[in-house]
Amino acid sequence: MTVRIVIADDDQRIRDALRMQFAHDPGVVVVGEAADGHATVEQARRLCPDIVLMDIRMPGCSGIEATRLITADGFGGSGARTIKIIILTSYTEEAVARAIRAGADGYVIDRDPVAIRDAVAAVAAGRRWLSPEAIDRLFDEHTAGRTDPLHRGPEELGRLTPRERETMLAIARARNNAEIASDLSIEESTVKTYVNRIMYKLQLRDRAAVIVCAHRSGMVRPY
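Pasting the structure below:
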């Protein structure tokens, strides 16, 4: 199976470098390029690629907003996502959280070629992908100067209902609320209720903290 990709970055040199990288991969074909957010959305709608490699900072509209627009419109008649998004950017915790909320399927730091290759392979196979560096930095930021503040033991995790645990695992795998609702055959409003309960019961401040907690507590393995 050949993976069809659109490259979205306002820097022509970066687009050229990514295109050259994929030129040596028989399993990937670059079908389009875009230099701003609006053009990216239009390319995605017109070409319907498998994956969009998206810079987070672009003129017109940001990569986050373009991701939100594409994921909102990128569904087939069966309700299955047809276009996946991998964000390419430098790291900040806020950017990771915003990308996940917007519906991104992968997050690669500093456009590392090996990480991009791994992310494309994972996302094309239907999985989510976060750079190991992103997970490490999330851990570091949430644990700096403290002793495992996001680790939760069996007793604390035992406060969660089975549905809340399933929801937490899905969040840790970067599933958005709509996808979790589909996976669990429940309403999206119910997912939001579960998320709020998880954060309340485990004293977690946001979705990024839920991801770190799930990994730190041994619920899932890092990507």
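If you use the working numbering, the sequence shown corresponds to residues 9 to 231, in order.
A virtual CB, placed ideally from N, CA and C, is assigned to each residue, including glycine.
query = Per the contact definition of three or more C-beta pairs closer than 8 Å, is the segment 26–33 in contact with the segment 119–136?
reply = Because the criterion of three Cβ pairs below 8 Å is met, the segment 119–136 and the segment 26–33 touch.
inquiry  = For residue 209 and residue 164, I'd like the C-alpha separation in whole angstroms.
reply    = Spanning the two alpha carbons is a distance of roughly 8 Å.
query = Once you ignore the five residues that flank residue 47 on each side, which residues in its own chain have a CB closer than 6 Å to its CB?
reply = Here the set comprises nothing.
key: Cβ neighbours of residue 110 in the same chain (closer than 6 Å, five flanking residues each side left out)   = Its chain contains 72, 75, 76 as the residues whose beta carbon lies nearer than 6 Å to that of residue 110, once the 5 sequence neighbours on both sides are disregarded; these appear in chain order.
query = If we count the other Cβ atoms within 10 Å of its Cβ and call it buried at 16 or more, is residue 225 buried or exposed?
reply = By the 10 Å Cβ count, residue 225 comes out buried.
ask   = Taking just the CA atoms, how far does residue 59 sit from residue 94?
value = Going from the Cα of residue 94 to the Cα of residue 59 covers about 7 Å.
query = Is the CB-CB distance between residue 128 and residue 216 below 8 Å?
reply = Not a contact, by the Cβ cut-off of 8 Å.
request  = Note the first and the last residue of the continuous alpha helix (DSSP H) segment covering residue 189.
outcome  = Residues 185–192.
inquiry  = Please list the terminal residues of the continuous alpha helix (DSSP H) segment that includes residue 228.
reply    = Counting along the chain, residue 228 falls outside any alpha helix (DSSP H), and DSSP gives it neither H nor E.
task = Identify which residue in 167, 63, 218 has its Cα closest to the Cα of residue 21.
result = Residue 63 is the option with its Cα nearest to residue 21.
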